[in-house]
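A.B. asks:
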Ligand SMILES: [Cu+2]
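Numbering (this note's numbering), first residue to last: 57 to 555.
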């Protein structure tokens with residue numbers, strides 16, 4: 057915990073209350089100093105290194121291990137980043153790169169290309185990511201994305217940081233935008249349920265080959281804690297969040313864990329969800345700007361932004377979640393204390409720097425194509441349509457830029473998966489055959505586990521509409537399970553988008 061509460065660092069995110077007369081009061085423990093775009097450019101430098109305190113890979117930012125800056129940009133800005141690879145600690149070379157999760161940006165080098173952009177130890181990568189002017193304002197994130205290494209680097213090492221595309225608060229509260237408390241939830245180290253195995257180098261050409269996933273016991277005690285399953289918030293155990301009594305507080309949460317499904321709630325208060333996976337709710341045609349829910353299920357990789365009005369001391373918490381008889385345990389945990397202040401100074405509003413005009417959602421065309429994605433697993437690995445991911449494989453699907461497609465994702469396994477599509481968003485039409493009435497854009501969704509019904513195995517099923525209309529999205533990119541050990545062991549495939 058080298059930088060507990062880097063107060064007043066997040067500027068427009070208002071990690072602190074800036075008052076003309078009184079002292080600064082931290083609203084939330086900051087993840088790290090923010091990099092706020094200037095003249096349309098947000099520039100940062102990161103190193104990837106083994107953290108000497110725990111032996112896991114981590115980002116090093118301005119000399120501090122374990123921290124990555126929150127990138128604060130406006131739609132239309134450019135992110136310019138340099139990443140150098142000083143990872144070589146576990147006896148083998150370890151590549152590293154970045155994925156800009158949820159941004160509707162090019163999958164080509166030097167932008168969000170996780171297929172060919174790989175830094176070897178001693179090497180480096182230079183990123184230039186043009187965030188489109190049409191990018192909806194909200195919470196995105198970046199993380200390492202090296203096939204076979206993601207659970208180790210992202211899940212266990214916590215190699216991740218937040219990206220805020222400014223404008224959501226100003227859109228919701230144009231007269232007095234609320235500061236957002238950005239919280240990254242991680243499960244660092246040797247967490248239960250992890251399938252991390254030492255990579256082996258094959259004899260031919262030093263290619264990385266992952267060993268098989270080890271057998272796990274059935275998930276008979278999904279609510280039971282085990283060693284190493286502690287969740288952190290901005291790398292802190294049970295930090296305290298400060299809010300004003302009776303006033304809405306604005307939270308943005310990233311599920312940056314490797315495999316934990318979070319069932320989030322604020323004790324004693326409703327969650328008024330305003331954004332999912334970076335998109336304001338009303339980006340979907342006809343959807344409301346806010347939706348009050350008692351709790352919200354957030355898969356690994358997902359983000360939720362919400363308002364909560366708290367009047368007495370409370371807590372941000374995750375409840376026990378059953379991920380299926382073959383899944384990982386997701387026990388309950390208090391994530392953060394919520395401290396309530398009556399003081400007029402506490403939590404004073406700081407105007408947001410950027411103001412985005414509300415986009416007018418375009419009506420959707422009919423799906424051009426219907427496809428089926430079958431998720432399976434066995435003792436040797438995880439598969440999409442019968443194949444484990446190979447970096448050299450041809451794209452599983454070729455899609456046409458300018459269209460939308462209907463995908464039916466079938467889960468033929470006894471555990472949930474977190475379906476994630478790079479580059480674009482989708483909305484869910486139905487879950488297990490039941491139509492979803494509340495439709496919202498997202499980039500990651502839980503696919504229910506398959507189960508026996510009347511002696512017959514019934515796969516879990518999500519039907520979604522994927523949006524490939526953005527003309528910037530051309531090239532080859534990925535879709536995969538965001539439970540990172542599943543991804544590492546094969547549950548990933550390529551899409552090629554062509555005109
Ligand atoms: Cu999975």
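Each residue gets a CB set at the ideal place from its N, CA and C atoms; glycine is no exception.
1) May I ask you to report which of helix, strand or coil DSSP gives residue 459?
2) Does the beta-carbon of residue 321 have 16 or more other beta-carbons within 10 angstroms, so that it is buried, or is it exposed?
3) State whether the region 479 to 495 contacts the region 364 to 381, with contact taken as three or more CB pairs (one from each stretch) at a distance under 8 Å.
4) So what does DSSP say about residue 136, is it helix, strand or coil?
5) For residue 296, which residues in the same chain have their Cβ closer than 6 Å to its Cβ, ignoring the five residues on either side in sequence?
6) Out of 381, 189, 382, 372, which one is the CA nearest neighbour of residue 388?
7) What is the DSSP secondary structure of residue 226, counted as helix, strand or coil?
8) From what residue to what residue does the alpha helix (DSSP H) around residue 543 run?
9) Quick check on DSSP: helix, strand or coil for residue 123?
10) Ligand 1 heavy atoms versus the CB of residue 539: any closer than 7 Å?
11) Is the region 132 to 143 touching the region 93 to 107, taking contact as three or more C-beta pairs under 8 Å?
12) Give the secondary structure of residue 585 by DSSP, where H, G and I count as helix, E and B as strand, and everything else as coil.
13) Which two residues bound the contiguous beta strand (DSSP E) that contains residue 552?
14) By a C-beta neighbour count over all protein chains shown, 10 Å radius and 16 as the cutoff for buried, is residue 265 buried or exposed?
15) Quick test of the definition: if touching needs 3 or more C-beta pairs under 8 Å, does the region 322 to 330 touch the region 273 to 282?
16) Assign residue 554 to buried or exposed, taking buried as 16 or more other Cβ atoms, counted over all protein chains shown, within 10 Å of its Cβ.
17) Along the chain, where does the beta strand (DSSP E) containing residue 327 start, and where does it finish?
18) Tell me the start and end of each unbroken beta strand (DSSP E) in the region 444 to 500 that is at least 3 residues and wholly inside, in chain order.
19) Grab me the residues of residue 419's own chain with a C-beta within less than 7 Å of its C-beta, minus the 5 sequence neighbours each way, in chain order.
20) Considering only heavy atoms of ligand 1, does any lie closer than 7 Å to the CB of residue 548?
21) Return the chain-ordered list of same chain residues with a C-beta closer than 6 Å to the C-beta of residue 261, the five sequence neighbours on each side being excluded.
22) Give a single yes or no on whether residue 203 has its beta carbon closer than 7 Å to a heavy atom of ligand 1.
23) DSSP has residue 33 in a bridge; who is on the other side?
24) Report buried or exposed for residue 289, applying the criterion of at least 16 other Cβ atoms within 10 angstroms of its Cβ.
25) Note down the Cα distance separating residue 281 from residue 318, rounded to an integer number of angstroms.
26) So residue 560 and residue 213 are supposed to be a Cβ contact under 8 Å. How far apart are they, rounded?
27) Using only the alpha-carbon positions, how far apart do residue 445 and residue 384 sit?
28) With 16 as the cutoff for other CB atoms within 10 Å, does residue 109 come out buried or exposed?
29) Would you say residue 302 and residue 365 are within 8 Å of each other, going by their C-beta atoms?
30) What does the alpha-carbon distance come out to for the pair residue 398 and residue 233?
31) Between which two residues does the beta strand (DSSP E) holding residue 588 run?
32) Measuring CB to CB, does residue 531 end up less than 8 Å from residue 190?
33) Could you tell me which of 236, 429, 509, 510 sits nearest to residue 518, measuring between CA atoms?
34) Please indicate yes or no: does the CB of residue 557 lie closer than 7 Å to some heavy atom of ligand 1?
35) On a Cα-Cα basis, can you pick out the residue from 122, 93, 220 that is closest to residue 106?
C.D. replies: Walking through what the data contain:
1) For the purposes of this step, residue 459 is taken as residue 403 along the chain shown, with counting starting at 1. The answer is strand: DSSP assigns residue 459 an E or B state.
2) Translated into positions along the chain shown, residue 321 becomes position 265. Under this definition residue 321 is a buried residue.
3) Because the criterion of three Cβ pairs below 8 Å is not met, the region 479 to 495 and the region 364 to 381 do not touch.
4) As a first step, residue 136 is located in the chain shown; it is residue number 80 there, counting from the start. Reduced to three states, the DSSP call for residue 136 is strand.
5) Reading the chain shown from its first residue, position 240 is the one you call residue 296. Only residues of its own chain outside the window of five on either side were considered, and among them 393, 395 have a CB closer than 6 Å to the CB of residue 296, listed in chain order.
6) In the chain shown, the residue the question calls residue 388 occupies position 332. Measuring from the Cα of residue 388, the nearest candidate turns out to be 372.
7) Residue mapping note: residue 226 aligns to position 170 of the chain shown, counting from 1. Helix at residue 226.
8) Locating residue 543 in the chain shown gives position 487, where the first residue counts as 1. In the DSSP assignment, residue 543 falls within the alpha helix (DSSP H) that extends over 540 to 544.
9) Residue mapping note: residue 123 aligns to position 67 of the chain shown, counting from 1. Looking at residue 123 - three-state DSSP - the assignment turns out to be coil, as it is neither helix nor strand.
10) Taking the first residue of the chain shown as position 1, residue 539 is located at position 483. At least one heavy atom of ligand 1 is nearer than 7 Å to the Cβ of residue 539, so yes.
11) Taking a cut-off of 8 Å on C-beta distances, the region 132 to 143 touches the region 93 to 107, as three or more cross pairs fall below it.
12) In the structure as shown, the chain begins at 57 and stops at 555. Residue 585 is therefore absent and cannot be evaluated.
13) For the purposes of this step, residue 552 is identified with residue 496 of the chain shown, where counting begins at 1. Start and end: 548 to 554.
14) Residue mapping note: residue 265 aligns to position 209 of the chain shown, counting from 1. Residue placement at residue 265 is poorly supported in this model, since its pLDDT is 35, which falls under 50; the coordinates are not used for a value here.
15) The region 322 to 330, when compared against the region 273 to 282, does not touch it at the 8 Å Cβ threshold.
16) Numbered from 1 along the chain shown, position 498 holds the residue referred to as residue 554. With fewer than 16 other beta carbons inside 10 angstroms of its own, residue 554 counts as exposed.
17) Here the question's residue 327 lines up with position 271 in the chain shown. For residue 327, the uninterrupted beta strand (DSSP E) run begins and ends at 327 to 332, by DSSP.
18) Along the region 444 to 500, the beta strand (DSSP E) occurs as fully enclosed runs of 3 or more residues at 453 to 456, 459 to 467, 473 to 477, 482 to 487, listed in sequence order.
19) Position 363 of the chain shown holds residue 419. Answer for residue 419: 341, listed in chain order.
20) Working through the chain shown from its first residue, we reach residue 548 at position 492. Answer for residue 548: no, Cβ out of range of ligand 1.
21) Locating residue 261 in the chain shown gives position 205, where the first residue counts as 1. Any reading at residue 261 needs caution, since the residue's pLDDT is 30, under 50, leaving its predicted position unreliable; the model's value is listed next. Nothing listed; no residue qualifies.
22) In the chain shown, residue 203 corresponds to position 147, counting from 1. False, no ligand heavy atom lies under 7 Å from that Cβ.
23) In the structure as shown, the chain begins at 57 and stops at 555. Residue 33 is therefore absent and cannot be evaluated.
24) Counted from its first residue, the chain shown places residue 289 at position 233. With 16 or more other Cβ atoms within 10 Å, it is buried.
25) The count along the chain shown starts at 1 and reaches residue 281 at position 225. The count along the chain shown starts at 1 and reaches residue 318 at position 262. Between the alpha carbons of residue 281 and residue 318 lies a gap of roughly 14 Å.
26) Limits of the chain in this structure are 57 at one end and 555 at the other, which puts residue 560 out of reach.
27) In the chain shown, residue 445 corresponds to position 389, counting from 1. In the chain shown, residue 384 corresponds to position 328, counting from 1. Each residue's Cα considered, the two are about 22 Å apart.
28) For the purposes of this step, residue 109 is taken as the residue at position 53 of the chain shown. So residue 109 ends up on the exposed side.
29) Mapped onto the chain shown, residue 302 falls at position 246. Mapped onto the chain shown, residue 365 falls at position 309. A contact, by the Cβ cut-off of 8 Å.
30) Reading the chain shown from its first residue, position 342 is the one you call residue 398. Reading the chain shown from its first residue, position 177 is the one you call residue 233. Each residue's Cα considered, the two are about 20 Å apart.
31) What is shown of the chain runs 57 to 555, which leaves residue 588 out entirely.
32) For the purposes of this step, residue 531 is taken as the residue at position 475 of the chain shown. For the purposes of this step, residue 190 is taken as the residue at position 134 of the chain shown. Between residue 531 and residue 190, the gap from beta carbon to beta carbon reaches 8 Å or more.
33) The residue you call residue 518 lines up with position 462 of the chain shown. Residue 518 has its Cα closest to that of 429, out of 236, 429, 509, 510.
34) Here the chain has residues from 57 to 555 only, and residue 557 is not among them.
35) Start at 1 with the first residue of the chain shown, and residue 106 comes out as number 50. Per the Cα distances, 122.
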